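A short worksheet on the structure shown next.
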Amino acid sequence: MTRSLFLAPVEPHAGTSLLSLGILDYVLRKTRRVGIFRPVILDQSVDKHDKTIELLLHHFHLEQTYAQTYALTTSEANELLARNQYDQLLNRIIAAYQELERRYDFVLCLGSDSNHELSLFEFNLSVEVARSIDSRVLLLSNGHGRSVDDIAATLQQIRDAFHAKGSPVIATVVNKVEPERVEEVRSGLIADLAIAADQLFVLPGDPVLASPMLREVAEQLNAEILYGSDQLDRQARRVMVIAMQMDHYLDRLTDHALLVTPGDRGEILLSAILAHQSANYPPIAGIVLTTSERPSPALARLLDGLPKIPPVLAVNSETYETATDLSRVRSHITVDSPTKIAAALQLCEQYIDGEALEKQYGQIEPRGISPRLFLYNLSQRARSNRRRIVLPEGEEERILRATEALIRDQIADITLLGDPTTIQEQVNALALDLDLSQVQIIEPGNSMRLAAYSQTLYELRKSRGLTLEQAHDLMLDVSFYGTMMVYKGDAHGMVSGATHTTAHTIRPALQFVKTRPGISIVSSVFFMCLEDRVLVYGDCAINPKPTAEQLADIAISSADTAQLFGVEPRIAMLSYSTGDSGAGEEVERVRAATELAQERRP
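If you number the sequence shown the way the numbering used here does, the last residue is 828 and the count never jumps.
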């Protein structure tokens, strides 16, 4: 039986994208057969796709086309209403939904998400659709700046309307509440609405989600991009109108501030860029020049020769008008905003009890371990048993972005190897929301452990002719240093390979970590997260032509690793021949390895 949930926003800008991400992230741990459905979309959303639908389709790689996600456009709906064909309108919505119902185990239905207060027609249509498709209803309210009484009065009215039509409201989410008021709002609403605690979820406002990206600022202000077109994924956390002298405003700069200043104030533009590049001032989001003035030719020539200039936008409006326009810029969670997506998922994970919600709309039968459940379980296990991981390539962009996510989600303690100044400059240049005081940074050449590590390596390898001086030189290599941290117990694991080859990464481990007792060969495995399952492939990186004995060891090690990571091991030994149809050395080697593996692990 297909389960469906009707997500009904009560006010504009309540956070449909955020909650949709959280719901699908949970459901996809149970099944890949998931669809999304919005009964009526705006006309412009046909060509310029609906942001929420586009986000869900692409982020979760859903097996559904955009055209299959809706039944009608607003023009088509209005035309049917003008002809007094309301029943026909509902029939088309139901028919489109039933197509999805036949294909999926779960369908998330999205109510109207317009930028204005819901019209009576939009509200009544949501109520009627939820009843017609027999969907449970989840209400979503915008609690920002509102009293408990105000929120409760609106929600009670909406709940009564759905119940009157026979569509039960199973839970309510109140989003964007001031963080210090979350408990006050939650306890007040539970009392006022007379609902169970597991039917109400209150989410605090999040500055990452509330702050627009520079790309959104440029689009909504129709601004000209003078510099930094490749850095428009920066977020503007605060708007600062700058009209004072340099000495007075510099000390007021904050992280991710968007500066607004008249276009003829070249000294402010230049000093702001230099402050952004300086290690002594926080990185800014960008600069908006107003009043249709642009940098003079001499200043433009100077700026063209400077590195790492933050985004500089230009508009024709006056400064005050521009500041007012900026206050109206809306922030969206889009496909190209991974930081916002991660923040949204983390917020839902922290404040919404997925299991309690699932009990309300009907349990979904899991279909084996899905890739999303696999990754989720890993994250949960890592959080509950937090370990220190060393990342030798600490100056590399992908490593720093991964560190940002790991620290934000509290998955692991991180040690970065590299030059602290270079790492800080990279964090600033990438506009990462990463507090490096929460990260251990070690430069091997300046490490207090260098001498002890060198001595240990010398003792382990002196029988092979290694001198203490050579051991010292090797320990300056980040791969050797990181591996020694694991060997000595100063880290629990190492992840490398972003810029180094496999051979360079594993060479130190082969030299002094060695294999565990009973295993004759070092091997590797790949976890392949496919559409509907997780497979473990071994060995695809180290042993090009193992013997039968080694192949049996690889199979057993791969099975143990799979089980350790929560994947039920069922071993398939691969050769170019299937069954008994082939013969030859390669086939016989695989057959012999299979027999050995079965003997050791009946």
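For every residue, glycine included, the Cβ atom is placed at its ideal position computed from N, Cα and C. Being a predicted model, the structure only gives us computed values, none of them experimental.
Might you give, ordered along the chain, the residues of its own chain that have their beta carbon closer than 8 Å to the beta carbon of A483, omitting 5 neighbours on each side? A462, R463, R464, V465, M466, P508, I510 and A511
Smallest Cα separation from E237: which of L761, V704, V813 and A379? With distances taken between CA atoms, E237 lies nearest to A379 out of L761, V704, V813 and A379.
Taking 8 Å as the cut-off, does the segment 326–338 touch the segment 298–305 (at least 3 CB pairs, one atom from each stretch)? no
Put L231 into one of helix, strand or coil per three-state DSSP. strand
L256 versus L756 - alpha carbon distance: According to the sequence provided, residue 256 is Lys. The question's Leu does not apply to it. For K256 and L756, the gap between their C-alpha atoms comes out near 15 Å.
Using a beta-carbon distance below 8 Å, is P618 in contact with chain C? Within the model displayed, chain C is absent; a lone protein chain is all it includes.
Does the beta-carbon distance from G764 to I745 come in below 8 Å? no
Where the alpha helix (DSSP H) containing T487 begins and where it ends: Boundaries around T487 are those of the beta strand (DSSP E), A483 to P488, since no alpha helix (DSSP H) includes it.
Three or more beta-carbon pairs under 8 Å between the segment 264–283 and the segment 396–409, yes or no? no
With respect to the beta strand (DSSP E) encompassing T398, which residues constitute its N-terminal and C-terminal limits? V395 to V403
Start and end of the alpha helix (DSSP H) containing Y453? Residue range E450 to Y453 is occupied by the beta strand (DSSP E) that includes Y453, with no alpha helix (DSSP H) assigned at that position.
Backbone CA spacing between H833 and L283 [nearest angstrom]: Any answer about residue 833 is impossible in this case: the structure gives the chain only from 227 up to 828.
Neighbour-count burial assignment, K534, 16 or more Cβ in a 10 Å radius: exposed
State the beta-bridge partners of L476 as determined by DSSP. According to DSSP, which records beta bridges pairwise, L476 is partnered with nothing at all.
Here's a check: name, in chain order, each residue in its chain whose Cβ is nearer than 6 Å to the Cβ of Q666, leaving out the five neighbours to either side. T641
Quick check for students: name the residue ranges of the alpha helix (DSSP H) that lie wholly in the segment 716–748, counting only runs of 4 or more. 728–734
What's the gap between the Cα of Q311 and the Cα of N317? 10 Å
Do I279 and I320 have their C-beta atoms within less than 8 Å of each other? No, these two residues do not count as a Cβ contact at 8 Å.
Can you tell which of V355, D331 and V793 has its C-alpha closest to the C-alpha of L315? V355
Only counting the same chain, and skipping five residues up and downstream in sequence, which positions put a Cβ closer than 8 Å to that of A724? E619, E622, R624 and I625
Might you give, ordered along the chain, the residues of its own chain that have their beta carbon closer than 6 Å to the beta carbon of L552, omitting 5 neighbours on each side? So the list reads V465, once near-sequence residues are dropped.
When the Cα of D432 is compared with those of S605, A569, Y802 and T820, which residue comes out closest? A569
Secondary structure of Y330, DSSP reduced to three states: Taken through DSSP and simplified to helix, strand or coil, Y330 comes out as coil.
Can you find at least 3 beta carbon pairs, one from the segment 468–485 and one from the segment 519–533, that sit closer than 8 Å? no
Buried or exposed: G644, going by 16 or more other Cβ atoms within 10 Å of its Cβ? buried
Determine, using beta carbons only, whether L231 and I262 come nearer to each other than 8 Å. no
Considering only the beta carbon of each residue, do R815 and A774 sit closer than 8 Å? yes
Residues bridged to I873 by DSSP? What the structure shows of the chain is the stretch from 227 to 828, and residue 873 is not part of that stretch, so it cannot be assessed.
For L515, which residues of its own chain have a beta-carbon under 6 Å away from its beta-carbon, when the five flanking residues on both sides are left out? G489 and A540
Under a Cβ-count criterion, where at least 16 other Cβ atoms within 10 Å of its own Cβ denotes burial, should H389 be classed as buried or exposed? exposed
Compute the Euclidean distance between the alpha carbons of L694 and R733, then round it to the nearest angstrom. 19 Å
Complete alpha helix (DSSP H) runs within the segment 413–464 (minimum length 4 residues, chain order): As far as the segment 413–464 is concerned, its whole alpha helix (DSSP H) runs of at least 4 residues are 433–436 and 440–447.
Taking the beta strand (DSSP E) that S367 belongs to, which residues open and close that run? R362 to N368
Taking the C-alpha atoms as reference points, what is the distance between R607 and F600? 11 Å
Could you spell out where the beta strand (DSSP E) holding L539 opens and where it closes? V538 to A540
Kindly list the residues whose CB is nearer than 7 Å to the CB of V748, restricted to its own chain and excluding five residues on each side of it in sequence; keep chain order. L736, T741 and I768
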